[in-house]
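Student: Protein sequences appear in the order of chains W and V. Heads up: the first sequence begins at 1 in our numbering, then just goes up one per residue. Heads up: the second sequence begins at 235 in our numbering, then just goes up one per residue.
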Amino acid sequence: MQYVFRIQRFDPDTDRKPYYREYTVELEPGDRVLDGLHAIKWYQDGTLSFRRSCAHGVCGSDAMRINGANALACKVLMRNLGQRVTVEPLLGFPVVKDLVVDMEPFFEQYRSVLPYLINDEAPPEGRERRQSVEERERFDDTTKCILCAACTTSCPSFWANDKYVGPAAIVNAHRFIFDSRDRGAADRLEVLNDRNGVWRCRTIYNCTIACPREIEVTRAIGEVKRALLYGDQE
Amino acid sequence: MIRVHKLDAVVVGGGGAGLMAALHLTRGGNVDAAVISKLYPTRSHTGAAQGGIGAALGNLEEDNPDWHAFDTVKGSDYLGDQDAIELMCREAVEVVLELEHMGLPFSRTEDGRIAQRRFGGHSRNFGEGPVRRSCYAADRTGHMILQTLYQQCIKNRVQFYNEFQVVDLVLSEGRVAGVVAYEIATGDLHIFHAKAVLFATGGFGRAWSVTSNAHAFTGDGPAVCFRNGIPLEDMEFFQFHPTGIYKLGILITEGVRGEGGFLVNGKGERFMERYAPTMKDLASRDVVSRAIFTEIREGRDVDGKKYVLLDARHLGREVIETRLPDITDFCRTYLGVDPVHEPIPIQPTAHYAMGGIPTDVDGRVVIDDRKTVLPGLYAAGECACVSVHGANRLGTNSLVDLVVFGRRSGRDMARFCRESDHAPLPADAADAARQEIERLLQRSGDERVATIRKEMQEVMTEFVGVYRDEAGLTTAVKRIRELRERYGRVRIDDTGKRFNTDLLEAWELGSLLDISLVTATCALNRTESRGAHSREDFPRRDDENWLRHTLAYASGRDDVRIGYKPVTITRFQPKERVY
Chain W
1 MQYVFRIQRF DPDTDRKPYY REYTVELEPG DRVLDGLHAI KWYQDGTLSF RRSCAHGVCG
61 SDAMRINGAN ALACKVLMRN LGQRVTVEPL LGFPVVKDLV VDMEPFFEQY RSVLPYLIND
121 EAPPEGRERR QSVEERERFD DTTKCILCAA CTTSCPSFWA NDKYVGPAAI VNAHRFIFDS
181 RDRGAADRLE VLNDRNGVWR CRTIYNCTIA CPREIEVTRA IGEVKRALLY GDQE
Chain V
235 MIRVHKLDAV VVGGGGAGLM AALHLTRGGN VDAAVISKLY PTRSHTGAAQ GGIGAALGNL
295 EEDNPDWHAF DTVKGSDYLG DQDAIELMCR EAVEVVLELE HMGLPFSRTE DGRIAQRRFG
355 GHSRNFGEGP VRRSCYAADR TGHMILQTLY QQCIKNRVQF YNEFQVVDLV LSEGRVAGVV
415 AYEIATGDLH IFHAKAVLFA TGGFGRAWSV TSNAHAFTGD GPAVCFRNGI PLEDMEFFQF
475 HPTGIYKLGI LITEGVRGEG GFLVNGKGER FMERYAPTMK DLASRDVVSR AIFTEIREGR
535 DVDGKKYVLL DARHLGREVI ETRLPDITDF CRTYLGVDPV HEPIPIQPTA HYAMGGIPTD
595 VDGRVVIDDR KTVLPGLYAA GECACVSVHG ANRLGTNSLV DLVVFGRRSG RDMARFCRES
655 DHAPLPADAA DAARQEIERL LQRSGDERVA TIRKEMQEVM TEFVGVYRDE AGLTTAVKRI
715 RELRERYGRV RIDDTGKRFN TDLLEAWELG SLLDISLVTA TCALNRTESR GAHSREDFPR
775 RDDENWLRHT LAYASGRDDV RIGYKPVTIT RFQPKERVY
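1. Measuring only the C-alpha atoms, how far is residue 228 (chain W) from residue 178 (chain W)?
2. Near residue 34 (chain W), what residues of its chain come up, given a Cβ to Cβ distance below 7 Å and the 5 sequence neighbours on each side ignored?
3. With C-beta atoms as the reference, is residue 687 (chain V) less than 8 Å away from residue 737 (chain V)?
4. Is there contact between the stretch 148 to 163 of chain W and the stretch 363 to 374 of chain V, where contact requires at least three CB pairs shorter than 8 Å?
5. Between residue 386 (chain V) and residue 370 (chain V), what straight-line distance do the alpha-carbon atoms span, to the nearest angstrom?
6. Which bits of chain V does residue 123 (chain W) rub up against, with CB to CB less than 7 Å?
7. Along the alpha helix (DSSP H) that carries residue 64 (chain W), what are the first and last residues, could you check?
8. Give the interface partners of residue 43 (chain W) over in chain V, defined as CB-CB distance under 9 Å, in chain order.
9. Could you name the residues of the same chain whose beta carbon sits closer than 6 Å to that of residue 696 (chain V), not counting the 5 residues immediately before and after it, in chain order?
10. Does residue 211 (chain W) get closer than 8 Å to chain V when you measure Cβ to Cβ?
11. Ends of the alpha helix (DSSP H) at residue 138 (chain W)?
12. What residue ranges within the stretch 22 to 98 of chain W form continuous alpha helix (DSSP H) runs of no fewer than 4 residues, ordered along the chain?
13. Kindly provide the ranges of any alpha helix (DSSP H) runs that are 4 or more residues long and lie completely inside the stretch 423 to 484 of chain V, ordered along the chain.
14. Where does the unbroken alpha helix (DSSP H) through residue 743 (chain V) begin, and where does it stop?
15. Can you give me the C-alpha to C-alpha distance between residue 636 (chain V) and residue 261 (chain V), rounded to a whole angstrom?
16. Quick one: complete beta strand (DSSP E) runs, 3+ long, within the stretch 370 to 410 of chain V?
17. Can you name the residues of chain W whose CB is closer than 7 Å to the CB of residue 279 (chain V)?
18. Return the CA-CA distance between residue 505 (chain V) and residue 745 (chain V), expressed in angstroms with no decimal places.
19. Since residue 415 (chain V) and residue 399 (chain V) should fall inside the 8 Å C-beta cutoff, what is the C-beta to C-beta distance between them, to a whole number of angstroms?
20. Whole angstroms is fine: what's the gap from residue 303 (chain V)'s alpha carbon to residue 782 (chain V)'s?
21. Kindly indicate the opening and closing residues of the beta strand (DSSP E) around residue 609 (chain V).
22. When the distance is taken between beta carbons, is residue 432 (chain V) closer than 8 Å to residue 254 (chain V)?
23. Helix or strand or just coil, what does DSSP make of residue 367 (chain V)?
24. Pull up the CB-CB distance for residue 597 (chain V) and residue 584 (chain V), whole angstroms please, since I reckon it's below 8 Å.
25. Going by C-alpha distance, which of V:450, V:465, V:449 is nearest residue 456 (chain V)?
26. On the criterion of 16 or more Cβ atoms from any shown chain inside 10 Å, does residue 360 (chain V) qualify as buried, or is it exposed?
27. Is DSSP giving residue 688 (chain V) helix, strand or coil here?
28. Just how far apart, CA to CA, sit residue 193 (chain W) and residue 502 (chain V)?
29. Say whether the stretch 186 to 203 of chain W touches the stretch 133 to 146 of chain W, bearing in mind that this needs 3 or more beta-carbon pairs closer than 8 Å, one atom from each stretch.
30. I'd like the span of the beta strand (DSSP E) that includes residue 799 (chain V), first residue to last.
31. Can you tell me the Cα-Cα spacing of residue 196 (chain V) and residue 334 (chain V), whole angstroms?
32. Under 8 Å between C-beta atoms, does residue 143 (chain W) make it to chain V?
33. Is the separation between the beta-carbon of residue 816 (chain V) and that of residue 571 (chain V) shorter than 8 Å?
34. With a Cβ-Cβ cutoff of 8 Å, do residue 280 (chain V) and residue 379 (chain V) count as a contact?
35. 8 Å is my cut-off, CB to CB: does residue 339 (chain V) come that close to chain W?
36. Run through the stretch 690 to 737 of chain V for me and flag every whole alpha helix (DSSP H) of 4 or more residues, listed as ranges in chain order.
Okay, here's the thing in structure tokens:
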């Protein structure tokens, strides 16, 4: 079946501003958008740049805007789109080239929330720290994050103010705040209580819709807000 | 413009082995080190590992590292070095606990310990029956390991050069002087002048058409080493995982069978009972992949479409959705199949390189049959060959390998950096890399990268797959030589400096072609069947002539010279391998 890909192109070294270019590609309905991008890059126009690696939705490289919605190109099948597909880079970070955006600001946001286990108590000698099935389940959802940035770059609050730490960073803070083994919740909550922390979230739910791992992002952010308001960390 | 950075050590690759090494390398605080990765580290393929990491914790039933070692030796078809295997299985226990202490969110048992499940080839009491040894976090164990190690690297302020492609190794005065890297965002070349270099670049499944491997898995580390005169060990042994998603090759974890799922052919028979009466569907991967191939070849596939079925329906929705959520999502997304209600169409998929850059148990690269160390050069993870996997790796042991030998490499590199100075940096250190990049950018030829790559993948799939024979392998070697010839006339479209992935894919194809030539040559050379290497013209294992490792050296531009190295046997004498 024939599909038309309309792709935003931009090379800051040679182009004054972004423009769209159309490509016609032969694909099966069960093929991924990534297969379409590869068909273009490999057989029509090698100058098209995009990131990808695992090609099945676990590495987080190929988040982009597909028909206006953030998604991983390797997780969207052609049968779920029309025969015209518009592909654009994520919004809110500088474009390096074509569909590739600068991820450094994103990882800076991520690093700011102390996204690692904090616990200075000596772990038990020769065995694991115990954690009940229920305690483990408490933060299971937010362990799934692959740092693809689909949530953060779908968030109007982030579009309006790129100092906002963003949903992905909050998700990764949540993953530790609600881990029974962690002792760093107070430090993270202090970071997130900042004027560019969780309170910039206006509960718009774009992040939840955008997440390719089906993390309930808005809910996680809400739980962090509750932890700040009521000290509710159960 | 070429920028020169001087530091103590560089780690090439940001997956499990690289990050574990970086953590231990920098732990003392006095080694100036950096991780160089062609991806953002969290994109590394460790994150795609699903089913678990093997360690004899004995959390659910009796287990011990000796049983794990025996299973690994048997799984390796007796080609694994037993001293290294015993050490790995002992250290697996403490490294898994170290990961938990770092915060890794393992699934839990009812009493709050690390949960464990059955896995292929892992048995109690030297082969009596399956044992629960695989420590898991649902079917996302690799993701959790990668995230946890990256989190720790942030905590410990490890320095990263993200999206830098390493294109050459610099040697001087018989030791390591550093690496040359291409900065993807800018097109600049960088020289990292270092005392020690660790390659942790992963595998090369992209040499085949159907693979579970990421696009990034192009064998860069082994290829760069090979071109610099370092041999590659046991390259004829490449694992085909039995259960890849039909046509796509996406991994469906062995954990499905560990939880009780089973394989069914087109006639509805549980065929593994015929091939492995004791372990059945949990026999080791080479055995199961051959069984599937045989079923397909003898016409017992589904509707003549060259696939069989993996049935998990009887496990029930609860087990499937809580212990196997990701593969459930993959099946629903890519196949429109819900494993709760329907069996999963599967076929074997190119999965894992048992061979690679030869090392000792401290990750030090050893360049001959006398185990001579090349000072300052290290390798760990899939790109290395210790050898703990021999002719066939057991499920869960890749993650064990990553963390155990990543850690040992990091520690030994720290020692090496303390005791050594920098080798002088040759004035022409970056010349070869620069010339190769300029050649690719010249656009004088008429061959497309994608066309050559596709033909290479077809050759490797047809002739260097689960079953092999002399005629096919001879054809493969000849065809790969022709493809390498054509690669010399490759023409790319993008000549820009900025995020030029057209150039990168061309360079990566060079790695894949070198690695394919070595793999096919070694497979042709080994006239026996052992583990994942099945020669139809030599169907039996031949311990008298072939109980030895292959070492493949570059010889001129187009030739591979073969040498050998003895296998270390400690406790487990080779015997017939039955599951």
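Beta carbons: idealized from backbone N, C-alpha and C, even for Gly.
Tutor: Quick look at the numbers:
1. Position 228 of the first sequence, counted from the start, is the residue given in the question as residue 228 (chain W). Position 178 of the first sequence, counted from the start, is the residue given in the question as residue 178 (chain W). Answer to the nearest angstrom: the Cα atoms are 13 Å apart.
2. On the first sequence, residue 34 (chain W) is found 34 positions in, with the first residue counted as 1. Counting only Cβ-Cβ distances below 7 Å, and skipping sequence neighbours, we find 52, 55, 62, 73, 74.
3. On the second sequence, residue 687 (chain V) is found 453 positions in, with the first residue counted as 1. On the second sequence, residue 737 (chain V) is found 503 positions in, with the first residue counted as 1. In this structure, residue 687 (chain V) sits away from residue 737 (chain V), with a CB-CB distance that is not shorter than 8 Å.
4. no
5. As a position in the second sequence, residue 386 (chain V) is number 152, starting the count at 1. As a position in the second sequence, residue 370 (chain V) is number 136, starting the count at 1. Cα-Cα distance, rounded: 20 Å.
6. Numbered from its first residue, the first sequence carries residue 123 (chain W) at position 123. By Cβ distance, chain V contributes 335.
7. Taking the first sequence and counting its residues from 1, the one referred to as residue 64 (chain W) is at position 64. Residue 64 (chain W) -> not in any alpha helix (DSSP H); beta strand (DSSP E) instead, spanning 63 to 66.
8. Taking the first residue of the first sequence as position 1, residue 43 (chain W) is located at position 43. Chain order gives the chain V residues near residue 43 (chain W) as 682, 684, 685, where near means a beta carbon separation below 9 Å.
9. Taking the second sequence and counting its residues from 1, one reaches residue 696 (chain V) at position 462. So the list is empty, once near-sequence residues are dropped.
10. The residue given as residue 211 (chain W) occupies position 211 in the first sequence. Not an interface residue.
11. Residue mapping note: residue 138 (chain W) aligns to position 138 of the first sequence, counting from 1. Its alpha helix (DSSP H) spans residues 133 to 138.
12. 33 to 43
13. 454 to 461
14. Within the second sequence, numbered from 1, the residue matching residue 743 (chain V) stands at position 509. From DSSP, the alpha helix (DSSP H) with residue 743 (chain V) extends over 735 to 759.
15. Stepping through the second sequence from its first residue, residue 636 (chain V) is reached at position 402. Stepping through the second sequence from its first residue, residue 261 (chain V) is reached at position 27. Distance between the alpha carbons of residue 636 (chain V) and residue 261 (chain V) is about 18 Å.
16. 393 to 396, 398 to 406
17. The residue you call residue 279 (chain V) lines up with position 45 of the second sequence. Those are 54, listed as they occur along chain W.
18. Here residue 505 (chain V) corresponds to residue number 271 of the second sequence, with the count starting at 1. Here residue 745 (chain V) corresponds to residue number 511 of the second sequence, with the count starting at 1. Cα to Cα, the separation comes out at about 39 Å.
19. The count along the second sequence starts at 1 and reaches residue 415 (chain V) at position 181. The count along the second sequence starts at 1 and reaches residue 399 (chain V) at position 165. With a Cβ gap of about 6 Å, residue 415 (chain V) and residue 399 (chain V) count as contacting.
20. Stepping through the second sequence from its first residue, residue 303 (chain V) is reached at position 69. Stepping through the second sequence from its first residue, residue 782 (chain V) is reached at position 548. Rounded to whole angstroms, residue 303 (chain V) to residue 782 (chain V) spans 19 Å at the Cα level.
21. Residue numbering aside, residue 609 (chain V) sits at position 375 when the second sequence is read from its first letter. That run of the beta strand (DSSP E) goes 607 to 613.
22. Within the second sequence, residue 254 (chain V) is the residue found at index 20, counting from 1. Within the second sequence, residue 432 (chain V) is the residue found at index 198, counting from 1. Judged by beta-carbon spacing, residue 432 (chain V) lies beyond the 8 Å limit of residue 254 (chain V), meaning their Cβ atoms are not closer than that value.
23. Within the second sequence, numbered from 1, the residue matching residue 367 (chain V) stands at position 133. It is a strand residue.
24. As a position in the second sequence, residue 597 (chain V) is number 363, starting the count at 1. As a position in the second sequence, residue 584 (chain V) is number 350, starting the count at 1. Actually they do not touch by this definition, with Cβ atoms about 25 Å apart.
25. Sequence index remark: in the second sequence, residue 456 (chain V) carries index 222 (1-based). The residue with the shortest Cα to Cα distance from residue 456 (chain V) is V:465.
26. Position 126 of the second sequence, counted from the start, is the residue given in the question as residue 360 (chain V). By the Cβ neighbour-count rule, residue 360 (chain V) is exposed, with fewer than 16 other Cβ atoms within 10 Å of its own.
27. The count along the second sequence starts at 1 and reaches residue 688 (chain V) at position 454. Residue 688 (chain V): helix per DSSP, three-state reduction.
28. Counting from one through the first sequence, the residue named residue 193 (chain W) turns up at place 193. Counting from one through the second sequence, the residue named residue 502 (chain V) turns up at place 268. Answer to the nearest angstrom: the Cα atoms are 59 Å apart.
29. Touching, no, given that fewer than three Cβ pairs across the two stretches are closer than 8 Å.
30. Counting from 1 along the second sequence, the entry for residue 799 (chain V) is found at position 565. That run of the beta strand (DSSP E) goes 793 to 800.
31. Lying before the first or after the last residue shown, residue 196 (chain V) is absent from chain V, which here runs from 235 to 813.
32. If you number the first sequence from 1, residue 143 (chain W) lands on position 143. At least one chain V Cβ lies under 8 Å of residue 143 (chain W).
33. Residue numbering for chain V in the displayed model covers 235 to 813; residue 816 (chain V) lies beyond these limits and cannot be assessed.
34. For the purposes of this step, residue 280 (chain V) is identified with residue 46 of the second sequence, where counting begins at 1. For the purposes of this step, residue 379 (chain V) is identified with residue 145 of the second sequence, where counting begins at 1. Going by C-beta atoms, residue 280 (chain V) is nearer than 8 Å to residue 379 (chain V).
35. Counting from 1 along the second sequence, the entry for residue 339 (chain V) is found at position 105. Answer yes: the Cβ-Cβ gap between residue 339 (chain V) and chain W drops below 8 Å somewhere.
36. 704 to 721
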